[in-house]
Structures are given as structure tokens and as C-alpha cells.
Amino acid sequence: QVLPIPGASSVLAALVGSRLNPEPLTYFWFLPRSGADRNGRIEEIAGLAHTAVVFEAPGRVARLLVDLKAACGGQRAAVVARELTKVHETFMRGTLEELAAYYAEAVVRGEVVVLVAAPSVAAEEVEEREARATLLAHERLALGESPRDIAKSIAKELGLARNRAYEIVLTVASTEDS
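The sequence shown begins at 12 in my numbering and counts up by one.
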């Protein structure tokens, strides 16, 4: 018989303390030490569009961060949480590049949880979405659709914030009225 006992969860504690987006989340436990399985898991983490959580042995944290940096890019946000709920609890936040550099020199002790954030949307991608939103707004305003309906549709189609989509539509509408 298995009886669950509520208590501290290092995954949940690390996630909350990390300040990364908690939902959705993929939890990987400990990665394989080497080989194709390890590389596959690291590539899987790199491809995620949400937060990943990995346990790691203290002596292997530096190598994990270097491998994640290579797969995800150095600018991906990450957190190394250590000794959660204990006296020496620490959260080191930064990019994979910063954390890899820090842990290349640091002596790590205790239990470690590594969290990798989803990739951030590049500025070029945002600009492209907003340019497409402007074109769609022109087309749909010409068809007589309401700015509210256009903004709602554009936000959903292009993954823009509703307020930003509405702002774009209103700007397009005001230039067409002039």
C-alpha cells in the first residue's frame, strides 16, 4: 500500500523560487550521464517552448550548463536552485552563458535543481508579427470589420497581446481616416 504524505517538493519549490513561468512545465529528473540519450534529452529541452526542470548531481552542474548553453544558446534564461528549504538555500539566476561561467569556477554542494526557461521571442519576430498585424488591419478595416473584432482575431492569429493588437488596429484606422 502506498500512502502519499504531503511535504516539500523540490520541483515546486525551485519553480516558485526561480520566478520563471510555471506553466506548462516539463520535468526531466536526472539526465543520463553521457551518450545519445543525454544528447537527446538536452535537445528536447532546447526545443521546448516552456520551462524545463532537471535534477543534477553537484559535481556535474558545470557540465550540464555548458551542454545546455551549446544546445539552447547562451542567452536563454536559467536558474540553479540549491539546497532548497535548507539553511544554505540559494537561487542563482541568469543566462545559461552567465551560469556556465559562474559554475565553471564554483564548488557546488548539496542537492541541485536546474531550471531552463522557454526561449524568449526575438525582437525581429515581434517586429514581423506587428508588421503582419498592420497589413491584416488594413485589409480587414477595408472590408468593414470592427476594430475590436480585428484586434481580437489578430491577437489570436499572430500571438500578440490583445492590447498591442488593438493599438495597431487603432493606429491603422486613424491613418486611413486622415
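We treat Cβ as the ideally placed atom computed from N, Cα and C, and that holds for glycine. Computed from a predicted structure; not experimentally measured.
- When rounded, the separation of the alpha-carbon atoms in ALA63 and SER20 is 16 Å.
- ALA128 is positioned such that its CB atom lies no closer than 8 Å to that of LEU110.
- Judged by their CB atoms, GLU67 and LEU79 are not nearer to each other than the 8 Å cut-off.
- DSSP places VAL72 in the helix class (H, G or I) of the three-state scheme.
- In the assembly as shown, ALA144 is a buried residue. Its beta-carbon has 16 or more other beta-carbons within 10 Å.
- In the three-state scheme derived from DSSP, where H, G and I count as helix and E and B as strand, GLU168 is classed as helix.
- For the beta strand (DSSP E) assignment, the uninterrupted runs of no fewer than 3 residues enclosed by the segment 19-80 are, from N- to C-terminal side, 36-41 and 62-67.
- In the DSSP annotation of this structure, LEU95 is not part of any alpha helix (DSSP H), being labelled neither H nor E.
- Measuring C-alpha to C-alpha distances from ALA73 to each of ALA166, ARG120 and GLU178 identifies ARG120 as the nearest.
- Here DSSP, grouped into helix, strand and coil, assigns ALA111 to helix.
- The beta carbons of GLY170 and ARG140 sit about 7 Å from each other, so the pair counts as a contact at 8 Å.
- Rounded to whole angstroms, the Cβ separation of LEU59 and ARG87 is 10 Å, and the two are not in contact under 8 Å.
- The bridge partners DSSP lists for LEU152 come to none.
- Excluding the 5 residues flanking it on each side, ALA115 has same chain C-beta neighbours closer than 6 Å at ALA73, in chain order.
- For VAL123, the uninterrupted beta strand (DSSP E) segment begins and ends at 123-127.
- Closest in C-alpha terms to LEU147, from the list GLY28, ILE161 and GLY155, comes ILE161.
- Linking ALA82 to ARG52 through their CA atoms gives a straight-line distance of about 10 Å.
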